[in-house]
Amino acid sequence: MLNYTEKVMDHFRNPRNVGYIKDPDGIGEVGSAACGDVLRLMFKLDEKGRIADVKFQTYGCASAIASASVLTEIIKGKTLEEAENITNLDIVEYLGGLPEHKIHCSVMGREALEAAIENFRKGTTGRKTLEGKVICICFGVTEEKIKRAIRENKLTTVEQVTQLIKAGSACGGCKEEIAEIIASLAEEVKATPEVTPRKGMTNLQKIQLIKEIIEYEIKPELLQHGGNIELIDVNGNQVIVSLQGACKECHVSNITIKNLVEPKLKERVSAELEVVEER
Amino acid sequence: MKKVVYFDNNATTMVAPEVIEAMQPYWSKLYGNPSSIHSFGGEVRKDVEKAREQVAALLGAKAGEIVFTGGGSESDNMAILCALEAAGPEKKHVITTKVEHHAVLKVCDYLKTKGYRVTELDVNIDGALDLDQLDRSITINTALVSIMWANNETGVISPIEKIVEIVKSKGVLFHTDAVQAVGKIPLDLSKIPVDFLAASGHKLHAPKGIGVLFVREGVDLPPLIHGGHQEGGRRAGTENVPAIIGFGKAAEIALEHMDEKNERVRRMREKFETGILSRCKGTRINGRNRLPNTSNITFGYVEGEAVLLMLDDLGICASSGSACTSGSLEPSHVLKAMGLDESSIYSSIRFSISRYTTQEEIDYALEHIPQIIKRLREMSPFTQVFS
């Protein structure tokens, strides 16, 4: 049996503010289906700059649903500056606690909020992309994210990092690196060290981004028409995909690629990309 | 107590009322030690031997080939560890599959730390083994092949007859973890020459804490637990008499009209699956050639734990091989080996019914499950896919 508080179960059974805002001022999305959870958060501001309406959609477990639900309750009526100060621990506290291995659900809530605020301010995509060196390849967790989790939650062990942000929980190949980061921060947890994110995207980040855009933006659109798409490979700037279902038999499949898949990837990832169908 | 619709019979089963009745005298009336010289214990010994015959009958075995153990996991451990001891220190290779129960896989992991080489055979998207791969993997150093009879998560049944033929033609020992198969499908060990077979009482309406290891007559197997002459010197420790009597009775009941009962279970399962597939878009049944009671269903774009908790609110008990419940967030190794993508693995639920399942329970589940899936999908960012 899972050890959830009444509050978690209440917000899981009756989640508040589920849904979609048609024309949001800010929208942010974090996670991926491959990790078992995705959270999309959107808000609308009133004339005084306070959050007038907030909605979320999630694919995730009970604590992911509950974390998102309470987050919307917490930030409603707040200014963005106030909302920004909400940490994942506030969400956990509001829920009366979460099992240790579910704390990452609260982290996702806070990250989605951040992405949505950034989207409002800078007009960025709202989709959190990876910046800086990726330490945990399995879950796409960057060095910066790990450092931040360590500082904010005063973490001292690899296990704590793993539980909080999943880094190192799949293959475990990055555990040593995480331990080094913890060691490097042990003394400066109080100070605020300078972290400069790497300019431009690494190949790994590029592939990750292409994968996510195909999975979350292009695939759903094709599924609606009985089709499907799968990313086969990325070779330099060449993206190789395979169209399935209705798309496969469709004699205009090349048009799907040139009018939908390629422009979207060019816009979001790099103008140099070319999309070809696997034959 | 709230309503319970128990669709988790591959996890454990209800003890049959007839089994409880059969066990009743052995707590405070017939409590003698079967090893005692006095006739008070001697009577009990006779009853234990009768239970042994009942279990042997279910397996198509001889009574002398049945060793009672503390459960399915102990039987698997004993078969593997003791067979390797019997095979000698020269033979350092074991073959198993990627989809075994942990009672086998974790023993193999342990063996790796002791210098053994372990080959884990692949399965395809249907959960089926490649018998050529098995054939190719056997070497002169292979001590043991261990392949499950039926899978606990998907119910996929292995072609044990063909597997044994390949393994025995090379003179290698063969063990099968048949914990999910015994009592659910007919098995006849007089025709299929496996060397060892593990079974568990609580999967077939006997109590927990009692298992069986079949050891073929003439095959040498040293004990895992030393300390007494019980079970022909193969498993020390005073017999768990009430549970042994219970296992015997449960085996007898399972054998009666097995085909008829299985057919009824199969029809209910088919009604359930057809109902789910027709009422929920984006669902898929995992595995082919399965036990009659097991359905492993992927509900695309919903997360397993959320489904299980909503089912639990309605009293429907099911399970998932994965779910991000463990700190390590390990997706089901079985579905992974079958090649399902990770999001499908997190979206998969196992329903396992039994002969006690009723049509009303199937109807109740069919009425509510589609609503749960719909509700969760409405919350999902992928909601447009199914709108």
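These protein sequences, in sequence, are chains A and B. Using my numbering, you'd call the opening residue of the first sequence number 145 and step up by one each time. Using my numbering, you'd call the opening residue of the second sequence number 53 and step up by one each time. Positions of the beta carbon are idealized from the N, C-alpha and C atoms, including for glycine.
1. Could you name the residues of chain B that A/T202 contacts, counting a contact when the two beta carbons are closer than 8 Å?
2. Within 8 Å of any Cβ in chain A, is that where the Cβ of B/G379 sits?
3. Who pairs with B/T148 in a beta bridge, going by DSSP?
4. Is it the case that the Cβ atoms of B/V96 and B/L82 are separated by a distance below 8 Å?
5. Is it the case that the Cβ atoms of B/N203 and B/V354 are separated by a distance below 8 Å?
6. In this structure, what does DSSP give as the bridge partners for A/G175?
7. Just verifying my parser: in three-state terms, what is the DSSP assignment at B/Q232?
8. Going by alpha carbons, who is nearest to A/A227 out of A/L242, A/T306, A/A259 and A/E332?
9. From A/N398 to A/T286, what distance separates their C-alpha atoms?
10. Pick from A/L257, A/I235 and A/E365: whose alpha carbon is nearest that of A/I247?
11. Spell out whether any CB of chain B is found under 8 Å from the CB atom of A/V152.
12. How would you label A/G172, buried or exposed, when you count the other beta carbons within 10 angstroms and need 16 or more for buried?
13. Which residue or residues does DSSP assign as beta-bridge partners of A/V405?
14. Please classify A/Q368: is it buried, with 16 or more other beta-carbons within 10 angstroms of its beta-carbon, or exposed?
15. Mind checking if A/R157 is an interface residue toward chain B, Cβ cutoff 8 Å exclusive?
16. What's the gap between the Cα of B/L241 and the Cα of B/E308?
17. Cβ of A/I209 within 8 Å of Cβ of B/M431?
18. Taking B/H227 as the reference, which of B/S372, B/S396, B/S406 and B/L273 has the closest Cα?
19. Just to make sure I have the definition right: I need the residues of chain B whose C-beta is within less than 7 Å of the C-beta of A/R184. Which are they?
20. Check each residue of the segment 342-358 of chain B: if its Cβ is closer than 9 Å to any Cβ of chain A, include it; give the result in chain order.
21. Rounded to a whole number of angstroms, what is the C-alpha to C-alpha distance between A/D377 and A/V413?
22. Are B/G123 and B/G261 close, meaning C-beta to C-beta below 8 Å?
23. Please specify which runs of the beta strand (DSSP E), each continuous and at least 3 residues long, are wholly inside the segment 321-400 of chain B, giving them in chain order.
24. Need the endpoints of the beta strand (DSSP E) that A/S386 sits in, please.
25. Any residues in the segment 168-182 of chain A with a beta carbon nearer than 9 Å to a beta carbon of chain B? Which ones, in chain order?
26. Could you work out which residues of chain B lie near A/A206, taking near to mean beta carbons separated by less than 8 Å?
27. Count the other CB atoms, across all protein chains shown, that sit within 10 Å of the CB of A/E150; report buried if there are 16 or more and exposed otherwise.
28. Starting from B/S198, trace the beta strand (DSSP E) in both directions and tell me its first and last residue.
29. Run down chain A in chain order and give the residues with a C-beta less than 7 Å from the C-beta of B/Y398.
30. Quick one: what does DSSP say B/G207 is sitting in, helix, strand or coil?
31. What does B/D365 touch in chain E if you count any residue whose Cβ is under 8 Å from its own?
32. Just mark A/A330 as buried or exposed, buried being the case when its beta carbon has 16 or more other beta carbons within 10 Å.
33. Put B/S87 into one of helix, strand or coil per three-state DSSP.
34. So, is B/A113 buried or exposed, given that buried needs 16 or more other C-beta atoms within 10 angstroms?
35. Going along chain B, which residues have a C-beta under 7 Å from A/V162?
36. Could you tell me the distance, in whole angstroms, from the CA atom of B/F351 to the CA atom of A/G204?
With the structure as the only source:
1. Against chain B, the beta carbon of A/T202 has neighbours under 8 Å at M431, S432 and P433, listed in chain order.
2. Only weak support exists for where B/G379 lies, its pLDDT of 39 falling under 50; the value from the coordinates is given anyway. It does: the Cβ of B/G379 has a partner Cβ on chain A nearer than 8 Å.
3. B/E172.
4. Note that the C-beta distance between B/V96 and B/L82 is below 8 Å.
5. For B/N203 and B/V354, no; Cβs fall outside 8 Å.
6. As computed with DSSP, A/G175 is found in a beta bridge with A/V182.
7. Note: B/Q232 maps to coil in three-state DSSP.
8. Of the listed residues, the one whose Cα sits closest to A/A227 is A/A259.
9. So the two alpha carbons sit approximately 36 Å from each other.
10. Per the C-alpha coordinates, the member of A/L257, A/I235 and A/E365 positioned closest to A/I247 is A/I235.
11. No, its Cβ sits nowhere closer than 8 Å to a Cβ of chain B.
12. Sixteen is the threshold: when 16 or more other Cβ atoms of the shown chains lie within 10 Å of the Cβ of A/G172, as they do, the residue is buried.
13. Paired residues: none, contrary to the question.
14. Flag for A/Q368 reads exposed.
15. Interface residue, yes.
16. Going by the C-alpha atoms only, they are around 18 Å apart.
17. Between A/I209 and B/M431, the CB-CB gap stays under 8 Å.
18. Nearest C-alpha to B/H227: B/L273.
19. For A/R184, the chain B residues whose Cβ falls inside 7 Å of its Cβ are P433, in order along the chain.
20. Listed by position, the residues of the segment 342-358 of chain B near chain A (Cβ gap below 9 Å) are Y353, V354, E355, G356, E357 and A358.
21. Distance between the alpha carbons of A/D377 and A/V413 is about 15 Å.
22. Yes; because the gap between Cβ atoms is below 8 Å, this pair is in contact.
23. Segments of the beta strand (DSSP E) lying fully in the segment 321-400 of chain B: 335-337 and 346-351.
24. Its beta strand (DSSP E) spans residues Q382 to G389.
25. Result list: E173, S176, A177, A178, C179, G180, D181 and V182.
26. Result: E357, A358 and L361.
27. Label assigned to A/E150: exposed.
28. Residues T194 to S198.
29. Within 7 Å Cβ-Cβ: G180.
30. It is coil, neither helix nor strand.
31. Given the protein chain composition of this structure (A and B), no chain E is represented.
32. Under this definition A/A330 is an exposed residue.
33. Annotated three-state conformation of B/S87 is coil, per DSSP.
34. Around the Cβ of B/A113, a 10 Å sphere holds 16 or more other Cβ atoms; the residue is buried.
35. Here the neighbours are M431.
36. Between B/F351 and A/G204, the C-alpha separation is close to 13 Å.
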